[in-house]
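Sequence positions in the sequence shown follow the numbering used here and run 4 to 103.
Here a beta-carbon is modelled for each residue, glycine too, at the ideal position from N, C-alpha and C.
A short write-up of the structure that comes next.
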Amino acid sequence: MNKQYKCNIILDLLPLYTDGMTSDVTDAVIEEHLKECEKCRQAYEDMSGEINLGLQQKKRRKRRRLRYKKKSVGRMVLLGYFLLLLLIMALCVLDVVLFL
Ligand SMILES: [Zn+2]
């Protein structure tokens with residue numbers, strides 16, 4: 004097979020390959036080609052680098068969401084304390100009113 008022709012096919016398949024959507028046979032062909040073709044290997048590294056970046060962004064977003072969740076839990080606890088304090092104060096006022 005003509006090398007340029009093969010490169011075009013490999014480059015077409017690379018997105019699927021990096022997503023793990025290709026069959027074992029296709030994986031083997033792509034890996035074999037990447038070993039001997041600098042251009043396609045470079046394209047693959049660029050592509051998988053982008054994917055890793057995407058994953059990192061996703062992780063960062065998830066971490067931010069978790070942090071937000073923690074903050075809102077803290078707010079809920081504070082609100083709980085505040086309500087408890089209000090209840091105690093109300094009971095005290097009620098006590099005073101009842102004992103007068
Ligand atoms: Zn190639």
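In terms of Cβ geometry, serine 51 and threonine 29 do not form a close pair [threshold 8 Å].
Serine 75 sits in a helix when the DSSP states are folded into three classes. Taking the Cβ of isoleucine 13 as the reference point, at least one heavy atom of ligand 1 falls within a distance shorter than 7 Å. Annotation: the continuous alpha helix (DSSP H) that includes aspartate 27 extends over 27-39. Counting the other Cβ atoms within 10 Å of the Cβ of isoleucine 91 gives fewer than 16, which makes it exposed. Annotated three-state conformation of asparagine 11 is helix, per DSSP.
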